[in-house]
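Colleague: Protein chains in written order, with our numbering: chain A, 1 to 118; chain B, 1001 to 1152; chain C, 2001 to 2336. The C-beta atom is built at its ideal place from N, Cα and C for all residues, glycine as well. This structure is in structure tokens; I'll ask about it shortly.
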Amino acid sequence: MDYINAFWVGGLICALAQILLDRTKMMPGRVMVSLVVLGCILGFVQIFKPLQEYAGAGVSVPLLGFGNTLWNGVKEAVDKEGFIGIFLGGFKAGAAGISGALIFGYIASWIFEPKMKE
Amino acid sequence: MKQQEKEKEYEAYVKEKTPVRKPGPAMAKAFVTGGIICTIGQAILNACEKAGMSKDISASWCSLILILASVVLTGFGIYPKIANWGGAGALVPITGFANSVAAPAIEYKKEGQVFGIGCKIFTIAGPVILYGVFTSWVLGLLYWIGTLIGIV
Amino acid sequence: MNAIKGTQSIAFSESPYLVSAGSVAGKKEGEGPLGKYFDIASEDDLFGEKTWELAEGTMQKLACMLALKNAGVQPEEVRYLFGGDLLRQGIATSMGAEELQIPVFGLFGACSTSGEALALAAMTVAAGYGDLVLAATSSHFGSAEKEFRFPLGYANQRPLSSTWTVTGSGAFLVGKKKSRVRISGVTIGKIVDYGLKDSQNMGACMAPAACDTILQNLMDFGRDEKDYDRIITGDLGYVGQSILFDLLRKKGLDIKENHMDCGMTIFDQQTQHTNSGGSGCGCAAITLAAYIMPQLISGEWKRILFVPTGALMSTVSFNEGESVPGIAHGIVLEHC
């Protein structure tokens, strides 16, 4: 059951993003930024959590999830440390994703060569 | 003023003349591609939780495995082909983010470790990190103020 | 007697001749409709080099040497080389020209560079400043995509209006040496800006410039559009062509019958997934060298107007919110 929800919610988010790409002049970079920012906001207004309970990876795998992760990190840090938490929490929570991309991407540069598109 | 009007007119005319992908098929392909990637993510989450990991750690493993898969597919030139077909279905998931880091790393190594890869690895993904962290900071500030005045 | 014509053109009488040409193309171009016409169509888009930029430099060098070989001329006999490419500081041209050791003028005209180079070469020869002059230009998908759009591995879905930068270099030997094709006139284009800011729709950005130069050419030479067997634009693509037809129709001209676009001809849109067509300096250059020249030599086409178009933007200007203006240069080529 959770697979079906993950599939259709994740798919729907992508389908909506496709409209943005095709109908507006938004470049991929802008779409990615919009998704992350939206994820933060959804987390802040407490909509993300129930969505995640319903759709699981359907909302956490899209970049919306990354935005929510950043928000959660800041929230927990503020709860724990007060004001300075707003500086402590974001990067820390996003560490897995950012480090993973950075490290694997860098190692990939040792192994792979750029290829012409076909 | 007249110049601006002419330009607006031309822009509207060009918009009319420029073909765009038929929304139906494009959205369907994005739906399928994104759906599959999310389903794979769900499978990873389930497997991790079954193995007894907490929700947070499971989520981290899910991200890492998807990122690794995307980087490998990028290296072999397969991920761009997936995006060519699936469009936003390949851009929106975290795999798109990973591709946007791996691709510059591979391309810019010819310009050296520091000035090539070092300087340019975040050339596409940088904005995601900047605006993600900044937004969470702003919202965090609002939240903190909220806790101060007691509405949270 | 050479004479300036109208406001932007020059007519050459005992004209400079297009003595010979050389064309070097990459893998995708070799697999396209014009594949069999290119002097070289390489399976290896790196041309044995380590980087895309070096590969592009090598392509220019090879194209020049082919043009020289086809005319039986040595590099030492060439007075000047007019060359350009799309890259920052024109490095592909510098790298290619260095080995030839011919005095060189580095140019920038974006995808109109082949027109700019041919015009300057023709003017130099006609004015008596050189018996043999080379005009060369190139573009490379890898180097251009990296500079203007995204690294190659990036997974982006190209909009339908986008064009595919051609990996190719065309070189032309222009001179007093008699051949079957002469440059009988040139019309130098002005920058034309209709305020469009869409870097993914180059055809629409450049069509106004093509229209402007074609009109000016017809006016300066007192001709109408039917006087040319073909009016050939560089890389307007499917979208740009349609817009050009509309713009000219508004001025009372109909070029539907005799128009050709190198970007539309060089790739098969259906099987090669090139959306609106080919683009880049190399697009017009290798199509002229490999496909158009033979038709002029055989007399199949007696007089054509070759109008490569360029989009004068940089990544900086685009990011700063500036529009993408166009420019087009007209070269009149005749069978003789």
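1. Strictly by DSSP, which residues pair up with T2137 of chain C?
2. Please report the Cβ distance between F2141 of chain C and G2277 of chain C, rounded to the nearest whole angstrom; I am assuming they are in contact, meaning their Cβ atoms lie under 8 angstroms.
3. Tell me where the beta strand (DSSP E) around D2261 of chain C begins and ends.
4. Would you list the one or two residues that DSSP bridges to P62 of chain A?
5. Taking the alpha carbon of R2303 of chain C as the point to measure from, which residue in C:G2185, C:G2321, C:N2275 and C:Q2270 has its own alpha carbon closest?
6. For G2326 of chain C, which three-state DSSP category applies?
7. Please list the terminal residues of the continuous alpha helix (DSSP H) segment that includes R2249 of chain C.
8. By the 7 angstroms beta-carbon criterion, what residues does the region 2170-2202 of chain C contribute toward chain A?
9. If I follow the unbroken alpha helix (DSSP H) through G1112 of chain B, where does it start and stop?
10. Looking at chain C, which residues of the region 1012-1025 of chain B have a Cβ within less than 7 angstroms of any of its Cβ atoms?
11. When you compare only the Cα positions, how much space is there between K1017 of chain B and L1045 of chain B?
12. Kindly give me the distance between the Cβ atoms of N2232 of chain C and I2292 of chain C, rounded to whole angstroms, as I take these residues to be in contact under 8 angstroms.
13. Quick one: any contact between the region 1060-1073 of chain B and the region 1088-1095 of chain B, if contact means 3 or more CB pairs under 8 angstroms?
14. Which residues of the region 62-83 of chain A have a Cβ closer than 8 angstroms to any Cβ of chain C? Give them in chain order.
15. Three or more beta-carbon pairs under 8 angstroms between the region 54-62 of chain A and the region 70-87 of chain A, yes or no?
16. Which chain A residues are close to Y1079 of chain B, counting only those with a beta carbon under 7 angstroms from its beta carbon?
17. For S1060 of chain B, return the contacting residues in chain A, with the cut-off set at a CB-CB distance below 7 angstroms.
18. What residue does the alpha helix (DSSP H) around R2230 of chain C start on, and which one ends it?
19. What does DSSP give as the partner residue(s) for G2022 of chain C in the beta ladder?
20. Rounded to a whole number of angstroms, what is the C-alpha to C-alpha distance between E1111 of chain B and G2189 of chain C?
21. Strictly by DSSP, which residues pair up with A2014 of chain C?
22. Are H2329 of chain C and T2213 of chain C close, meaning C-beta to C-beta below 8 angstroms?
23. Please tell me whether A1051 of chain B has its Cβ less than 8 angstroms away from any Cβ of chain A.
24. Is the shortest distance between the beta-carbon of V2239 of chain C and the beta-carbons of chain B less than 8 angstroms?
25. Would you please verify whether the beta carbon of Q2008 of chain C is less than 8 angstroms from any beta carbon of chain B?
26. Say whether chain A places a C-beta atom closer than 8 angstroms to the C-beta of I1003 of chain B.
27. By alpha-carbon positions, which one of B:K1050, B:P1023 and B:G1132 ends up nearest to S34 of chain A?
28. Relative to the alpha-carbon of G2282 of chain C, which residue among C:R2088, C:S2179, C:E2098 and C:A2110 has its alpha-carbon at the smallest distance?
29. How far does the alpha helix (DSSP H) with R23 of chain A in it reach, from first residue to last?
30. Excluding the 5 residues flanking I1082 of chain B on each side, which residues of the same chain have their C-beta closer than 6 angstroms to its C-beta?
31. Taking Cβ positions only, does P114 of chain A come closer than 8 angstroms to chain C?
32. The beta strand (DSSP E) that contains V2078 of chain C, what's its start and end?
33. I'd like the list of long-range same chain contacts for V36 of chain A, defined as Cβ closer than 7 angstroms, with 5 residues on each side in sequence excluded.
34. Would V45 of chain A pass as a contact of Y1143 of chain B if the rule is Cβ separation under 8 angstroms?
35. Is DSSP giving L2034 of chain C helix, strand or coil here?
36. So which residues of chain A does N2217 of chain C contact, with C-beta pairs closer than 8 angstroms?
Modeller: In this structure, then:
1. For this step, residue 2137 of chain C is matched to residue 137 along the third sequence. DSSP output for T2137 of chain C lists C:G2084 and C:G2170 as bridge partner(s).
2. For the purposes of this step, residue 2141 of chain C is taken as the residue at position 141 of the third sequence. For the purposes of this step, residue 2277 of chain C is taken as the residue at position 277 of the third sequence. Wrong, their Cβ atoms sit about 14 angstroms apart, outside the cutoff.
3. The count along the third sequence starts at 1 and reaches residue 2261 of chain C at position 261. Segment H2259 to D2261, the beta strand (DSSP E) holding D2261 of chain C.
4. Position 62 of the first sequence, counting from 1, holds the residue named residue 62 of chain A. Bridge partners of P62 of chain A: B:P1093.
5. The residue given as residue 2303 of chain C occupies position 303 in the third sequence. Across the set C:G2185, C:G2321, C:N2275 and C:Q2270, the C-alpha of C:G2185 shows the shortest separation from the C-alpha of R2303 of chain C.
6. Start at 1 with the first residue of the third sequence, and residue 2326 of chain C comes out as number 326. Secondary structure at G2326 of chain C: strand, using DSSP grouped into helix, strand and coil.
7. If you number the third sequence from 1, residue 2249 of chain C lands on position 249. First-last of the alpha helix (DSSP H) with R2249 of chain C: G2237 to K2250.
8. Interface annotation for the region 2170-2202 of chain C against chain A: D2198, criterion Cβ-Cβ distance under 7 angstroms.
9. As a first step, residue 1112 of chain B is located in the second sequence; it is residue number 112 there, counting from the start. First-last for G1112 of chain B: undefined, no H or E at that position.
10. V1014, K1017, T1018, P1019, V1020 and R1021
11. Residue numbering aside, residue 1017 of chain B sits at position 17 when the second sequence is read from its first letter. Residue numbering aside, residue 1045 of chain B sits at position 45 when the second sequence is read from its first letter. Those two C-alpha atoms are separated by around 46 angstroms.
12. The count along the third sequence starts at 1 and reaches residue 2232 of chain C at position 232. The count along the third sequence starts at 1 and reaches residue 2292 of chain C at position 292. For clarity, residue 2232 of chain C is Ile in the given sequence; the question names Asn instead. Confirmed, about 7 angstroms.
13. By the criterion of at least three beta-carbon pairs nearer than 8 angstroms, the region 1060-1073 of chain B is in contact with the region 1088-1095 of chain B.
14. none
15. no
16. For the purposes of this step, residue 1079 of chain B is identified with residue 79 of the second sequence, where counting begins at 1. The contacting residues do not exist; Y1079 of chain B stays about 11 angstroms from chain A at best.
17. In the second sequence, the residue the question calls residue 1060 of chain B occupies position 60. Going along chain A in sequence order, the residues near S1060 of chain B (Cβ under 7 angstroms) are A96.
18. The sequence position of residue 2230 of chain C within the third sequence is 230, counting from 1. Counting along the chain, R2230 of chain C falls outside any alpha helix (DSSP H), though it belongs to the beta strand (DSSP E) covering R2230 to T2233.
19. The residue labelled residue 2022 of chain C in the question sits at position 22 within the third sequence. Looking at the DSSP assignment, G2022 of chain C forms a beta bridge with C:A2171.
20. For this step, residue 1111 of chain B is matched to residue 111 along the second sequence. For this step, residue 2189 of chain C is matched to residue 189 along the third sequence. Rounded to the nearest angstrom, the two C-alpha atoms are 36 angstroms apart.
21. Within the third sequence, numbered from 1, the residue matching residue 2014 of chain C stands at position 14. The identity of residue 2014 of chain C in the sequence shown is Glu, whereas the question assumes Ala. DSSP output for E2014 of chain C lists no bridge partner at all.
22. By 1-based counting over the third sequence, the position of residue 2329 of chain C is 329. By 1-based counting over the third sequence, the position of residue 2213 of chain C is 213. With contacts defined as CB atoms closer than 8 angstroms, H2329 of chain C and T2213 of chain C qualify as a contacting pair.
23. Numbered from 1 along the second sequence, position 51 holds the residue referred to as residue 1051 of chain B. With 8 angstroms as the cut-off, A1051 of chain B does not count as an interface residue toward chain A.
24. Position 239 of the third sequence holds residue 2239 of chain C. It does: the Cβ of V2239 of chain C has a partner Cβ on chain B nearer than 8 angstroms.
25. Position 8 of the third sequence, counted from the first residue, corresponds to residue 2008 of chain C. Taking Cβ atoms only, chain B never reaches closer than 8 angstroms to Q2008 of chain C, which makes this a no.
26. Position 3 of the second sequence, counted from the start, is the residue given in the question as residue 1003 of chain B. The sequence as given places Gln at residue 1003 of chain B; Ile does not occur at that position. False, the Cβ-Cβ gap to chain A never drops below 8 angstroms.
27. Against the first sequence, residue 34 of chain A aligns to sequence position 34. It is B:G1132.
28. Mapped onto the third sequence, residue 2282 of chain C falls at position 282. Ranking the options by Cα distance to G2282 of chain C, first place goes to C:A2110.
29. If you number the first sequence from 1, residue 23 of chain A lands on position 23. Looking at the DSSP string, the run of the alpha helix (DSSP H) that includes R23 of chain A is D2 to R23.
30. Walking along the second sequence from the start, residue 1082 of chain B turns up at place 82. Only A1090 meet the Cβ criterion.
31. Counting from one through the first sequence, the residue named residue 114 of chain A turns up at place 114. Interface residue, yes.
32. Position 78 of the third sequence holds residue 2078 of chain C. V2078 of chain C -> no beta strand (DSSP E), and no H or E assigned at all.
33. Translated into the one-based positions of the first sequence, residue 36 of chain A becomes position 36. Same-chain partners within the cutoff: L63, F66 and G67.
34. If you number the first sequence from 1, residue 45 of chain A lands on position 45. If you number the second sequence from 1, residue 1143 of chain B lands on position 143. No, Cβ-Cβ distance for V45 of chain A and Y1143 of chain B is not below 8 angstroms.
35. In the third sequence, the residue the question calls residue 2034 of chain C occupies position 34. The answer is coil: DSSP assigns L2034 of chain C none of H, G, I, E or B.
36. In the third sequence, the residue the question calls residue 2217 of chain C occupies position 217. Simply none; closest approach about 33 angstroms.
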